[in-house]
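Written below as structure tokens is the structure these notes are about.
2 protein chains.
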Amino acid sequence: MAPRSVDVPSLVASAREGSARAVARLISLVEDGHPALREVMAALAPHTGRAHVIGLTGSPGVGKSTSTNALVGALRERGKRVGILAVDPSSPFSGGALLGDRVRMSDYALDPQVYIRSMASRGHLGGLSWTTPQAIRVLDAAGCDVVLVETVGVGQSEVEIAGLADTTIVLLAPGMGDGIQAAKAGILEIGDIFVVNKADRDGADATVRDIRHMITLGDRTEPGLWRPPVLKTIAAQKSGVDEVMEAIDKHVEWMSGNGTLRERRIRRAGDEIESIAIKALRERMGDLRSGHGVEDLAAKVVDGQSDPYAAADVVLAALV
Amino acid sequence: MAPRSVDVPSLVASAREGSARAVARLISLVEDGHPALREVMAALAPHTGRAHVIGLTGSPGVGKSTSTNALVGALRERGKRVGILAVDPSSPFSGGALLGDRVRMSDYALDPQVYIRSMASRGHLGGLSWTTPQAIRVLDAAGCDVVLVETVGVGQSEVEIAGLADTTIVLLAPGMGDGIQAAKAGILEIGDIFVVNKADRDGADATVRDIRHMITLGDRTEPGLWRPPVLKTIAAQKSGVDEVMEAIDKHVEWMSGNGTLRERRIRRAGDEIESIAIKALRERMGDLRSGHGVEDLAAKVVDGQSDPYAAADVVLAALV
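Those protein sequences? They're chains A and B, same order as listed. Residue 231 in this note's numbering sits at position 231 of the first sequence; the count goes up by one each step and never skips. Residue 1265 in this note's numbering sits at position 265 of the second sequence; the count goes up by one each step and never skips.
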């Protein structure tokens, strides 16, 4: 089936005028890897770079959706336009099914200044890293002041989210072993702000102490470096959310003041460029494989007439 | 530190004469990604293609080491030379530490016809797929009749092992939910032989039935296709091992008879060539990034003067 043709200029114009439908269509193009993406991204480029990207990650059960909801409330009180990308690295599905749940869960499902989208991070090629940055770009160009990327902390996804966000919030809940889990998963290095949610539960203070202690042990207390605050919230009661908002503001201020923000964004764009280039090379490689070029070489390797390095040289020459 | 220079011809000659020390050194070169690897692989090439590669995978606790031990016993009774690669996808360590345990566990630690090596599958770039095929190549060229690759069934690793092996054995143990786990992890598709170990435990027959049932439900019962047998063993008592050996023989016979063996090996060599080529491209990409070429483009993207696709085109042109 040939992909449906897309009127990119009018789609981008509609998205910029606030059409949720146009935004949805653009993100679907991203998810589908549609051929029109090149044109879309070129059209979006002049309008990007304004949104503050906040990553929110945490293990299942720490209250990510409730916390997102509470944060969106605080952002809406400030009059901010918000885009939410709920990325599920374990789901092979995107869009529809999950979105239904999300919409029911959110107080802001009907707010025209809030755009909510569930995304699957399909494929093994780096989970979040392929589609999410482009979806962020769509929401940014569509005028979102803040793009909130929420992902469950599973495997690599929380490290990846830190690569995508200006500010990364790591959510925890009181309970045994949280500290150790944190250290293990490497979240100490990625969190700009730590939030212990469900702070009315036993052990909240101990978890806060654990995290603070581990941050002190780490190398993140040098002068001039950002020292991540460790805050407590009860998101279901919207308690502690103002302090989180304050911490976000301070982090933005710190990043903007010393050039970290620009640095992070340049690194992020570099990662994006790299992943697009690598994807293009992999596609060319796929063509070489289906066109039997690689297979003939592989047969020589199997027969002991060549070796994988020599064969790879031939493939590289053909790619180039 | 400049890598120690390597006398490749004499190292390869020693490995082919049965020196465990030379084999160890060659596999270390593989693990280190040593610059001499090209020369090593070229020198090994004419001597490869003889070993039968058996993959053995299963969840923790199903008795992989005991089963490996029992299989090696049966292979030794037939006078076969055996190489064992124990790949731990979760370990950041390789060689030494784990090897000690493995050696203590094995009845064949002192048998000069058995080579045992623990390998870490370092890095996120495809787990097993990078170093393991080259280590297999070393053992193959060193005269191993069988190379047994043992890996714990975690995440992608069991699917990857099937890509590396001529014959993949999936180990299970009796117990609730095994069947469902099997279906989830996709092992039904990858197993050439299923073995329910610890068959003296309750539920062994039920697990066998479950797996048989799921194989029947799958698309693996068409005429001419291999229908994976589901066997029972008590590896600790070496019970049922003869039946596994028989199944392996039958699988080899089936694969050789209809060209599947050659087909699998060609696909495997193709994967290896591709991963070497992609690695080389990533290294060139790394050079472009550290040389600021990508960074300058990324800054333009951040400033809205370019978009990631246009920038990727420039990078691709520079790579090529």
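A virtual CB, placed ideally from N, CA and C, is assigned to each residue, including glycine.
Please return the same chain residues whose Cβ sits closer than 8 Å to the Cβ of residue 1281 of chain B, not counting the five positions on each side in sequence.
Locating residue 1281 of chain B in the second sequence gives position 281, counting from the first residue. Excluding sequence neighbours, residue 1281 of chain B sits near 1319.
Tell me whether the beta-carbon of residue 1314 of chain B lies closer than 8 Å to the beta-carbon of residue 270 of chain A.
Here residue 1314 of chain B corresponds to residue number 314 of the second sequence, with the count starting at 1. Here residue 270 of chain A corresponds to residue number 270 of the first sequence, with the count starting at 1. Result no, Cβ atoms of residue 1314 of chain B and residue 270 of chain A do not sit closer than 8 Å.
Quick check: the segment 1134–1153 of chain B against the segment 1033–1049 of chain B, are at least 3 beta-carbon pairs closer than 8 Å?
yes
Around the C-beta of residue 13 of chain A, are 16 or more other C-beta atoms found within 10 angstroms, so that it is buried, or is it exposed?
Taking the first sequence and counting its residues from 1, the one referred to as residue 13 of chain A is at position 13. That one is exposed.
Output the residue ranges of the beta strand (DSSP E) runs that lie fully inside the segment 189–229 of chain A and measure 3 residues or longer, sorted by chain position.
You should have 193–196.
What is the rounded straight-line gap between the Cα of residue 5 of chain A and the Cα of residue 37 of chain A?
Counted from its first residue, the first sequence places residue 5 of chain A at position 5. Counted from its first residue, the first sequence places residue 37 of chain A at position 37. Spanning the two alpha carbons is a distance of roughly 11 Å.
Mind listing which residues of the segment 301–315 of chain A have their C-beta closer than 9 Å to chain B's C-betas, in chain order?
301, 302, 303, 304, 305, 306, 307, 308, 309, 310, 311, 312, 313, 314, 315
Is the beta carbon of residue 1149 of chain B less than 8 Å from the beta carbon of residue 1055 of chain B?
One-based indexing of the second sequence puts residue 1149 of chain B at position 149. One-based indexing of the second sequence puts residue 1055 of chain B at position 55. Yes, the pair counts as a contact, with Cβ atoms nearer than the cut-off.
Please state whether the Cβ-Cβ distance between residue 1073 of chain B and residue 1107 of chain B is less than 8 Å.
For the purposes of this step, residue 1073 of chain B is identified with residue 73 of the second sequence, where counting begins at 1. For the purposes of this step, residue 1107 of chain B is identified with residue 107 of the second sequence, where counting begins at 1. Cβ distance < 8 Å, so residue 1073 of chain B and residue 1107 of chain B count as in contact.
Any C-beta of chain B sitting closer than 8 Å to the C-beta of residue 173 of chain A?
What you label residue 173 of chain A is simply residue 173 of the first sequence in a count that begins at 1. Answer no: the Cβ-Cβ gap between residue 173 of chain A and chain B never drops below 8 Å.
Going by alpha carbons, who is nearest to residue 63 of chain A out of A/31, A/233, A/292?
Indexing the first sequence from 1 puts residue 63 of chain A at position 63. Among A/31, A/233, A/292, the Cα nearest to that of residue 63 of chain A belongs to A/233.
Between B/1199, B/1165, B/1287, which has its C-alpha nearest residue 1051 of chain B's C-alpha?
As a working note, residue 1051 of chain B is residue 51 in the second sequence. Residue B/1165 is the option with its Cα nearest to residue 1051 of chain B.
For residue 15 of chain A, would you say it is in contact with chain B, using Cβ-to-Cβ distances shorter than 8 Å as the test?
Start at 1 with the first residue of the first sequence, and residue 15 of chain A comes out as number 15. False, the Cβ-Cβ gap to chain B never drops below 8 Å.
Between residue 48 of chain A and chain D, is the shortest Cβ-Cβ distance under 8 Å, so that the two count as touching?
The structure shown contains no chain D; its protein chains are A and B.
Tell me which residues of the segment 249–268 of chain A have at least one Cβ-Cβ distance to chain B shorter than 9 Å, keeping chain order.
262, 265, 266, 267, 268
Against chain B, does residue 11 of chain A count as a neighbour if the rule is that its beta carbon must be under 8 Å from one of theirs?
The residue given as residue 11 of chain A occupies position 11 in the first sequence. For residue 11 of chain A, the answer is no, since every Cβ of chain B falls outside 8 Å of its Cβ.
Would you list the one or two residues that DSSP bridges to residue 1083 of chain B?
As a first step, residue 1083 of chain B is located in the second sequence; it is residue number 83 there, counting from the start. Answer by DSSP bridge pairing, in chain order: B/1115, B/1147.
Return the first residue and the last residue of the alpha helix (DSSP H) that residue 251 of chain A is part of.
Here residue 251 of chain A refers to the residue found at position 251 of the first sequence. Boundaries of the alpha helix (DSSP H) harbouring residue 251 of chain A: 241–258, taken from the DSSP string.
Mapping the DSSP letters down to three states, classify residue 238 of chain A as helix, strand or coil.
Stepping through the first sequence from its first residue, residue 238 of chain A is reached at position 238. In this structure, residue 238 of chain A counts as coil in the three-state DSSP scheme.
Using the three-state DSSP reduction, which class does residue 48 of chain A fall into: helix, strand or coil?
Within the first sequence, residue 48 of chain A is the residue found at index 48, counting from 1. Correct three-state label for residue 48 of chain A: coil.
Where DSSP assigns a beta bridge to residue 1055 of chain B, which residues make up the other side?
If you number the second sequence from 1, residue 1055 of chain B lands on position 55. Residue 1055 of chain B is bridged to B/1149, B/1168.
Does residue 283 of chain A pass the burial test, meaning 16 or more other C-beta atoms within 10 Å, or should it be called exposed?
Residue numbering aside, residue 283 of chain A sits at position 283 when the first sequence is read from its first letter. Residue 283 of chain A should be labelled exposed.
For residue 1114 of chain B versus residue 1053 of chain B, is the C-beta spacing smaller than 8 Å?
As a first step, residue 1114 of chain B must be located in the second sequence, where it is residue number 114. As a first step, residue 1053 of chain B must be located in the second sequence, where it is residue number 53. No, the Cβ-Cβ distance between residue 1114 of chain B and residue 1053 of chain B is not below 8 Å.
Going by Cα to Cα distance, which pick from A/236, A/238, A/203, A/255 is closest to residue 227 of chain A?
Here the question's residue 227 of chain A lines up with position 227 in the first sequence. That would be A/255, whose Cα lies nearest to the Cα of residue 227 of chain A.
Residue 1252 of chain B versus residue 84 of chain A: straight-line alpha-carbon distance, rounded
The count along the second sequence starts at 1 and reaches residue 1252 of chain B at position 252. The count along the first sequence starts at 1 and reaches residue 84 of chain A at position 84. If you take the alpha carbons of residue 1252 of chain B and residue 84 of chain A, they lie about 53 Å apart.
Cutoff 8 Å: residue 38 of chain A Cβ touching any chain B Cβ:
Within the first sequence, numbered from 1, the residue matching residue 38 of chain A stands at position 38. At least one C-beta of chain B is nearer than 8 Å to the C-beta of residue 38 of chain A.
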